[in-house]
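If you're matching them up, the sequences are chains A, B, C and D in order. The numbering of the first sequence is our numbering, which starts it at 1 and goes up by one. The numbering of the second sequence is our numbering, which starts it at 340 and goes up by one. The numbering of the third sequence is our numbering, which starts it at 679 and goes up by one. The numbering of the fourth sequence is our numbering, which starts it at 1018 and goes up by one.
Number of protein chains: 4
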Amino acid sequence: MLRVGLIGYGYWGTNLFRNLSLSPRFDIVAVADQSEKRRAAVQPLLPNGRVTPLASEVTDDPDIAVVFIATPISSHFEIARNAIRSGKHVFVEKPMCATAAEAEELVYIADRQGVVLMIDHTYLFTNAVQYISETIRSGEIGRLCYYDSSRINLGLFQPDVNVLWDLAPHDLSILDHLLAEQPIGVAASGYCHVNRHLPDMAYLTLHYPSNVVAHLNLSWMSPVKVRRIAFGGTSKMMVWDDLNREEKIKIYNSGIQFQPEDRRAVIIPDYRIGDIYSPRIPDREALVGVMEHLAHVIAGKESSIMDGARGLRIVRILEKAQKVLDEELEATRAVGQHS
Amino acid sequence: MLRVGLIGYGYWGTNLFRNLSLSPRFDIVAVADQSEKRRAAVQPLLPNGRVTPLASEVTDDPDIAVVFIATPISSHFEIARNAIRSGKHVFVEKPMCATAAEAEELVYIADRQGVVLMIDHTYLFTNAVQYISETIRSGEIGRLCYYDSSRINLGLFQPDVNVLWDLAPHDLSILDHLLAEQPIGVAASGYCHVNRHLPDMAYLTLHYPSNVVAHLNLSWMSPVKVRRIAFGGTSKMMVWDDLNREEKIKIYNSGIQFQPEDRRAVIIPDYRIGDIYSPRIPDREALVGVMEHLAHVIAGKESSIMDGARGLRIVRILEKAQKVLDEELEATRAVGQHS
Amino acid sequence: MLRVGLIGYGYWGTNLFRNLSLSPRFDIVAVADQSEKRRAAVQPLLPNGRVTPLASEVTDDPDIAVVFIATPISSHFEIARNAIRSGKHVFVEKPMCATAAEAEELVYIADRQGVVLMIDHTYLFTNAVQYISETIRSGEIGRLCYYDSSRINLGLFQPDVNVLWDLAPHDLSILDHLLAEQPIGVAASGYCHVNRHLPDMAYLTLHYPSNVVAHLNLSWMSPVKVRRIAFGGTSKMMVWDDLNREEKIKIYNSGIQFQPEDRRAVIIPDYRIGDIYSPRIPDREALVGVMEHLAHVIAGKESSIMDGARGLRIVRILEKAQKVLDEELEATRAVGQHS
Amino acid sequence: MLRVGLIGYGYWGTNLFRNLSLSPRFDIVAVADQSEKRRAAVQPLLPNGRVTPLASEVTDDPDIAVVFIATPISSHFEIARNAIRSGKHVFVEKPMCATAAEAEELVYIADRQGVVLMIDHTYLFTNAVQYISETIRSGEIGRLCYYDSSRINLGLFQPDVNVLWDLAPHDLSILDHLLAEQPIGVAASGYCHVNRHLPDMAYLTLHYPSNVVAHLNLSWMSPVKVRRIAFGGTSKMMVWDDLNREEKIKIYNSGIQFQPEDRRAVIIPDYRIGDIYSPRIPDREALVGVMEHLAHVIAGKESSIMDGARGLRIVRILEKAQKVLDEELEATRAVGQHS
């Protein structure tokens, strides 16, 4: 069993803790959290382990082989760097870092140290994403034309991220997993309704060399929770509605007839053209698969599908999009001052 | 009864014909259409009227008081101009014209001639839009923060419009009706999947001086038909799902608590916070209200809510967005040639 | 073209009229209705035909070949008998008659006269029922175990039928079409909430020799309109939700594993076990198919799938169920008098 | 803290265990289960308690104040009787007993011993049932006319109960809670598809003195899971869809207009008449409330809303319904032998 230290015992940290406890591959021996209340909560669950306010007591502990980091994003870099320098494998909550420069350095030093650096893009281990990935690779839906995501809900305002950094990593990790290419264009716009400096709605549009377009509708301001992605292929289309228990994924046998350019088709609209197929997607906690994958990667049995390089690519896109948001907010404020 | 000539007897023309036939205020005396098949279809329904291939036989007929135009958009300007010059009231299918310059001229000459120029923004006469408009004006949902529209379906590729000109006018007319302001920023991106020169997906983002943001997700490439608009207010939120027969409009009693800037709220997410209210929205054909409105405006009893000035404002936004799309397509092609 | 007289120009009569007008096989030459208002409504649509208050002017007219009857059910028998005696083919709105004795006589005399007697069980000509029928016959879902129908909505209280006679004929005609057997047991219970003598809710359970059970939940008292039938087969199950535009029929690949009797299975429940397939069911007006079928049956080209014999079998079941309701209401009232 | 022994550590027993562990009012000191595997599962969670195969070691333990029974129903009576005789408070999983005679004896001896006897009708402590109960009592929906329940899903075949005893207790406990009366008539029919002797579908109809009718559609044979109850009132109607996360309860402002008997109304049907209101029903685990209630009842601070008398009334109805099912199955088999 790999001896594990967990840093951060908030919302996601408790999920990691629970899954680590149930895993036959990992043994939690230490938890660090700055909050006294959280330390009091975890103590009874770790009768023989160390519970400490200091992250360094985990990153420096020679008995620990793997460090899990579930702290606010601004602290990821320093904690992860310390752990890597101490020769530990590191598992970091998404998004990987606050800047691409930080992420690059982590990738570099992990590589030099020969340790595993993995980013917790949990969605990749859901049955839904695995099914979608296989379906696209099999060629069943034809060439992918578009990815259209609505990821909206009410709240969970967090102190150190905006809606872009909170929600976009899910889509970006899925896109990185599905596509063998990086976006050549990133358009973005964001809006601050609650806190003047913290976007709570954002629209992101990514253009890829192969002409795939990805659009992300991200919001903390929606009264309804939606987790819905449409994948448009040249021969079929696919919709993943993650909140639909009965039909999580639907495959629409409704390709657009591609017409020769000189004949412009007039297609009578219908609710749909063609049958619908909805595969059974069994529920399971994705973190179980994540834990197994991590153990296998550390053991050298699998190559990672959520390594630091992927985490870095995602942070690069977030950074680009954030730059656009910042310029836009700047411009809006300039206008606002005159009006 | 006002004597009416109808030019164009295609999909929308037949709807206009049917509603005109049932209206006690209008009397159809002539129909023009270039298609022999369509003329043959309408002839039996107009035993005592004139059916002709020539639009000019309608626009020049001294016995006709009102001309309805339901032809392809590229022909709107010339037909409408001829009708206005002949002193007729004119009713034009949306969008009003292919360019803002054309629309401006129509507004100008209609004003000079003293005739009514009305654009068929039918949605304004649905019970749903009227309910939404009253609710927003009453202050019930607080200050409007965002307008988020999904208007997606499969097909109806048309020879002379792209998805932007086909679908956006609906949202633009509703926005023009709800807001007392014009957008100060128009971002757009569009994609061609079927015909290389004809966008079949487009995203449009409009910024308004009062900080309202409007986002339009427009597509002819979706396997599922969606007609859904979310209106985010500071105290309540509202969703109009036009295809939901039972609950067309839902009002969510779930405002975001606006926090003082130094206190950043952490709100635990839930599917919703607060109750939901769904008013009864009786079905009725909006064109019935459109016809009445037109008759009242001609009679001088009402001022128009869909006059040429509104039509012009909408064409201006479409034109701006199209310019962005064109530049973008140009740029993509340039990239494509090198790759 | 067959010359047609229509008796009854109410809700259903107008539907029949519209479809007859569009049919190339029928020519409406006369309409009878006791209501002056309805006669005034139909007159302009029948400029060269006869409009009369007297059913006999239609049933006795030697120029008429087919009589359509869409009057209140209590009058079906007499009008149909007169038409049949005059040698006309007869098409009767469902349910066929108010009693099985009446229905038997009509079948008998139609047979003797050699005329076609058809009952308007329109549902049999919907694409949904035809798809379901073929699917069951193909063996795809295995042996049919149950038929569970919810046919509930608010209102349409009618002067001369209760909820049983209004709604059950739809299910009974579908059952008669799908099964090659008649029920051996009919259980029923009914409830009067609005009018003391007119059940507005009823539950009907039919047992068939092959162990199929059919259950009908019928109501005029439901705030929500539901038209949903589940078909349970030994290998698959099928749900027809007639109000679901996108997925009218779903086939669940979720058969119950039939266990040897000595091994009682413990199956962990799940939302479903297996995939779902939803065939495209194009919309079309079923009456178009009904009209074609009638013309073909009259021409001797098809044998009828909704003939008098079927209508009679359905009235027999209604009569049995009504008898149970009457006894039950009697018993309840007896109890009520003592309490 | 009350010292607790739990007998039965299967599906429901583990839920009880988890809630007891979290409750500040109870202290689990012993668990009995005949299965070695289950004992091995619970042992680590109860380091200082007794884990035993023998129920008697729990019921006879003088240190235990409350016995929780979550064993197969056939054993409820004997275990509960032993516990009561030893002077313990007893909490029994639903349904209370296999026969009304057993339930009567438990009520009698618990009363004589002066101990609390409570039946685990957990639904009564859901926020949904509490909201519904208050709404009906407030008079908001008028007089209750009907209760129409669909409680259907796939499987969970259990060795010692049929679908009636498995699913009906939920509805019967809710009905007993909402109505101040007992049914005067119980109609039932059941069907065996998987095991010849074990009904897996059942329809139950209950008539109450005040004319309320309750109908239960119970099935282990449905491909779709449904948990939906409609409550029809004279002025409003209410639907509880327990699987709808966003709108668990909807109140329809759509009363039927009650007509004077001599005027039979013809109401044009619509999808609904009137607005819909959906209150926020926060999620919470009902067992938390159950535990609190039990502690309060034992402490004499509350009178029980799920005492033995209620459990007994429910078993009486189950027994009556089972008798009908048995006669029916008998009759069907008799017929089957001749055919």
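Cβ atoms here follow ideal geometry from the backbone N, Cα and C, with glycine treated the same way.
Along the chain, which unbroken stretches of the alpha helix (DSSP H) at least 4 residues long are found entirely within the stretch 349 to 436 of chain B?
350 to 361, 375 to 381, 394 to 398 and 415 to 424
Around the Cβ of B:Gln661, are there at least 16 other Cβ atoms within 10 angstroms (buried) or fewer (exposed)?
buried
Whose C-beta lies closer than 6 Å to the C-beta of B:Pro411 among residues of the same chain, with five residues either side of it excluded?
Shown here for B:Pro411: same chain residues with a beta carbon closer than 6 Å to its own, the five before and five after excluded, namely Asp499 in chain order.
Which residues share a DSSP beta bridge with C:Trp918?
C:Ile907 and C:Ile927
The stretch 1236 to 1262 of chain D: which residues have C-beta closer than 7 Å to a C-beta of chain C, in chain order?
Result list: Met1238, Ser1239, Pro1240, Val1241, Lys1242, Ala1247, Gly1249, Met1254 and Val1256.
Measuring CA to CA, which of A:Arg284, A:Ile7 and A:Tyr11 is closest to A:Val31?
A:Ile7
Alpha carbon to alpha carbon, what distance is there between B:Val654 and B:Leu511?
9 Å
Would you say C:Trp918 and C:Leu832 are within 8 Å of each other, going by their C-beta atoms?
no
Kindly indicate the opening and closing residues of the alpha helix (DSSP H) around C:His848.
Bounds of the alpha helix (DSSP H) holding C:His848 are Val841 to Leu856.
For a test of the three-state rule: what should DSSP assign to C:Arg942, helix, strand or coil?
Bear in mind that a pLDDT of 39 at C:Arg942, under 50, signals an unreliable position, so the number given afterwards is only what the model happens to contain. Here C:Arg942 sits in coil by DSSP.
Using the rule of at least 16 other Cβ atoms within 10 Å of the residue's Cβ for burial, across every protein chain shown, is B:Ser617 buried or exposed?
buried
For C:Leu876, verify whether its CB is less than 7 Å away from any heavy atom of the ligand MN.
In terms of ligand content, the structure shown is empty, and the ligand MN therefore cannot be addressed.
D:Leu1196 and D:Val1229: beta carbons closer than 8 Å?
yes
Mark C:Tyr825 as exposed unless 16 or more other C-beta atoms lie within 10 angstroms of its C-beta, in which case mark it buried.
Looking at its Cβ environment, which holds 16 or more other Cβ atoms inside 10 Å, C:Tyr825 is buried.
What first and last residue would you give for the beta strand (DSSP E) that runs through C:Ala964?
Note, C:Ala964: premise wrong, no beta strand (DSSP E); alpha helix (DSSP H) at Ala964 to Ile976.
Candidates B:Asp402, B:Tyr530, B:Glu375 and B:Glu624: which alpha carbon is nearest A:Tyr208's?
B:Tyr530
From the DSSP output, in three-state form, read off D:Ser1320 for me.
D:Ser1320 carries a coil assignment under DSSP once its states are collapsed to helix, strand and coil.
Cα separation between A:Val163 and D:Val1211?
Rounded to whole angstroms, the gap between the alpha carbons of A:Val163 and D:Val1211 is 51 Å.
How would you label C:Ser900, buried or exposed, when you count the other beta carbons within 10 angstroms and need 16 or more for buried?
buried
Residues bridged to D:Ser1295 by DSSP?
Bridge partners of D:Ser1295: B:Ile615.
If we ignore side chains and look at the alpha-carbon of each, how far apart do B:Leu657 and B:Ala541 end up?
12 Å
Own chain, CB closer than 8 Å to C:Ile959, minus 5 neighbours either side, in chain order:
Asn805, Ala806, Tyr809, Lys926 and Ile927
Distance check for A:Gly114 and D:Pro1061, CA to CA, integer angstroms please.
Approximately 38 Å, taken between the alpha carbons.
Going along chain C in order, which residues have a C-beta closer than 9 Å to the C-beta of D:Met1218?
Within chain C, the residues Cys823, Tyr824, Asp826, Val891, His893 and Gly910 have their CB atoms less than 9 Å from the CB of D:Met1218, given in chain order.
Where does the unbroken beta strand (DSSP E) through A:Asp148 begin, and where does it stop?
Leu144 to Leu154
Neighbour list for C:Ala865 in chain D, Cβ cutoff strictly below 8 Å
Ala1204 and Ser1206
How is D:Pro1286 classed by DSSP in three states: helix, strand or coil?
With a pLDDT of 37 at D:Pro1286, under the threshold of 50, the predicted position of this residue should be treated as unreliable, and no value is reported.
Nearest-angstrom beta carbon gap, A:Phe91 and A:Asp120 [assumed within contact, 8 Å]
About 6 Å separates the two Cβ atoms, so the contact holds.
Rounded distance between the beta-carbons of B:Leu445 and B:Arg423, thought under 8 Å:
Here residue 423 of chain B turns out to be Ile, not Arg, going by the sequence shown. Taking 8 Å as the upper bound for CB-CB distance, B:Ile423 and B:Leu445 are in contact here, some 7 Å apart.
Going by DSSP, what residue range makes up the beta strand (DSSP E) through C:Asn895?
For C:Asn895, the uninterrupted beta strand (DSSP E) segment begins and ends at Val891 to Ser897.
Do you know whose CA, among C:Asp844, C:Leu853, C:Ala892 and C:Thr737, lies nearest C:Ala865's CA?
Nearest option by C-alpha distance: C:Ala892.
Can you tell me where the beta strand (DSSP E) with A:Val129 in it begins and where it stops?
No beta strand (DSSP E) holds A:Val129; the alpha helix (DSSP H) holding it covers Asn127 to Arg137.
Would you mind telling me which residues of chain B sit closer than 7 Å to A:Thr205, beta carbon to beta carbon, in chain order?
Ser528 and Tyr542
Is A:Pro95 near A:Trp12, with beta carbons less than 8 Å apart?
no
If we count the other Cβ atoms within 10 Å of its Cβ and call it buried at 16 or more, is C:Glu780 buried or exposed?
When all chains shown are included, C:Glu780 counts as buried.
Are the C-beta of B:Leu385 and some C-beta of chain A separated by less than 8 Å?
Chain A, which has no Cβ nearer than 8 Å to the Cβ of B:Leu385, makes this no.
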